[in-house]
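Scroll down for the structure; my scribbles are underneath it.
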Amino acid sequence: MVIWGVSWPALSAKAELADLTDFVNNLQTFSASFEQIQPDETLFQKNLSTGDFVMQRPGLLRWVYKTPERQKIVSDGRNVWVYDEDLDQVTVQSLDRVEADFPLSWLLYQQPLSERFDIIVGEKKTGVSWYNLKPKQGTFFQSLEVAISHGRLVQIWMYQNADNVTKVTFNDIRQNQPVDLQQFEFTPPKGVDVIGQPLP
1427 MVIWGVSWPA LSAKAELADL TDFVNNLQTF SASFEQIQPD ETLFQKNLST GDFVMQRPGL
1487 LRWVYKTPER QKIVSDGRNV WVYDEDLDQV TVQSLDRVEA DFPLSWLLYQ QPLSERFDII
1547 VGEKKTGVSW YNLKPKQGTF FQSLEVAISH GRLVQIWMYQ NADNVTKVTF NDIRQNQPVD
1607 LQQFEFTPPK GVDVIGQPLP
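Numbering (my numbering), first residue to last: 1427 to 1626.
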C-alpha cells in the first residue's frame, strides 16, 4: 500500500509495532527543539517555523513558536492556553474539549494507541520506523505519520487532507529527563485580551 509517497505494507504483528509501542509505553517526559513546515495555500509556498517543545505525562505540554511569529501553547493538565504575542490575545479552552483535535494529545497519556487509531506499519529505513495513524473518530486532521528512531520520536506529519500536510522535525531531543514543572503554568499577561473561561 502506498500513502502520500510512502510505502505502507499492511502489517499488524506486534513485532512490527514494537518501536512505536515501546516509545509510547516508556514515555514520561519529552523535550526538543523543532522545525515546522506548513503549506501556505494562498501564496503557493511553504512556511518554516521554529521553536521548542516540552511535555510531561499526564497532560502537561508547552509548545513555543519562536520564529517567524511568537506564540505559546500551554496545557496545564486542565486547560489549553494559546498566547499570540503579536495579537496580544490569549485563548483558553478545557483540555477535554480540544483533546480529540489536538495532534499531540496521544503523547500526553499512557493510553493504547489502538483505542484511538487504526495503525499501518510503514517500511523501516536507515533505522527510522514509520507509522500511519488514522483516527477512529472524526478529528481536525485526517491522519498522522510518525517516525521513531532509536526509541525516540523524530518526526510527525499531520495531514488535514492529501494536499495539506504540516511536517514537524524534532532536534536536540531529551527523553525521560526531569523537566521544570513551572513551565506548564500560565497566567495571561496584563492588558491582553482573554477569550474563553478556564476551568478552576
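All C-beta atoms, glycine included, are put in the ideal place defined by N, C-alpha and C. Here the structure is a predicted model, which means the values were calculated and not measured.
- Assigned exposure category for glycine 1577 - 16 Cβ within 10 Å defines buried: Taking the first residue of the sequence shown as 1, we reach residue 1577 at position 151. By the Cβ neighbour-count rule, glycine 1577 is exposed, with fewer than 16 other Cβ atoms within 10 Å of its own.
- Task: Starting from aspartate 1445, follow the alpha helix (DSSP H) in both directions and report where the run begins and ends.
- Result: Position 19 of the sequence shown, counted from the start, is the residue given in the question as residue 1445. According to the DSSP assignment, aspartate 1445 belongs to the alpha helix (DSSP H) that extends over 1444–1452.
- For valine 1618, three-class secondary structure by DSSP: Start at 1 with the first residue of the sequence shown, and residue 1618 comes out as number 192. Note: valine 1618 maps to coil in three-state DSSP.
- Query: Just curious, the beta strand (DSSP E) that arginine 1578 is in, first and last residue?
  - Reply: Residue 1578 sits at position 152 when you count from the first residue of the sequence shown. 1578–1587 is the extent of the beta strand (DSSP E) around arginine 1578.
- Task: Taking 8 angstroms as the threshold, find out whether the segment 1454–1468 comes into contact with the segment 1594–1612 through three or more Cβ pairs.
- Result: Enough Cβ pairs lie closer than 8 angstroms, so yes.
- Task: Could you tell me whether the Cβ atoms of methionine 1481 and leucine 1443 are closer together than 8 angstroms?
- Result: On the sequence shown, position 55 is the one that residue 1481 refers to. On the sequence shown, position 17 is the one that residue 1443 refers to. In this structure, methionine 1481 lies away from leucine 1443, with their beta-carbon atoms at least 8 angstroms apart.
- What are the complete beta strand (DSSP E) segments, minimum 3 residues, inside the segment 1507–1575? DSSP runs (the beta strand (DSSP E)) wholly in the segment 1507–1575: 1515–1520, 1543–1551, 1554–1561 and 1569–1575.
- Message: Let me confirm a value: isoleucine 1546 is counted as buried when at least 16 other C-beta atoms fall within 10 Å, else exposed. Which label applies?
- Response: The residue you call residue 1546 lines up with position 120 of the sequence shown. Using a 10 angstroms sphere on the CB of isoleucine 1546, the tally of other CB atoms reaches 16 or more, which defines it as buried.
- Contacts around aspartate 1445, its chain only, beta-carbon distance under 7 angstroms, and the 5 residues preceding and following it disregarded: By 1-based counting over the sequence shown, the position of residue 1445 is 19. Taking aspartate 1445 as the centre and dropping the five residues before and after it, the same chain places the C-beta of Ser1555 and Ile1574 closer than 7 angstroms to its C-beta, in chain order.
- Query: In its own chain, which residues sit with a C-beta less than 6 angstroms from the C-beta of lysine 1593, not counting the 5 before and 5 after it?
  - Reply: If you number the sequence shown from 1, residue 1593 lands on position 167. Correct list, in chain order: Ile1463 and Trp1583.
- Query: According to the neighbour-count rule (16 or more other Cβ atoms, all chains shown, within 10 Å of its Cβ), is serine 1540 buried or exposed?
  - Reply: Taking the sequence shown and counting its residues from 1, the one referred to as residue 1540 is at position 114. By the neighbour-count rule (16 or more Cβ atoms within 10 Å), serine 1540 is not buried but exposed.
- Query: Do you know offhand how far glutamine 1515's Cα is from phenylalanine 1479's?
  - Reply: If you number the sequence shown from 1, residue 1515 lands on position 89. If you number the sequence shown from 1, residue 1479 lands on position 53. Phenylalanine 1479 has its alpha-carbon roughly 21 angstroms from the corresponding atom of glutamine 1515.
- Message: Considering just the uninterrupted stretch of the beta strand (DSSP E) at phenylalanine 1460, what are its terminal residues?
- Response: Here residue 1460 is taken as the residue at index 34 of the sequence shown, counted from 1. Where phenylalanine 1460 is concerned, the enclosing beta strand (DSSP E) starts and stops at 1455–1466.
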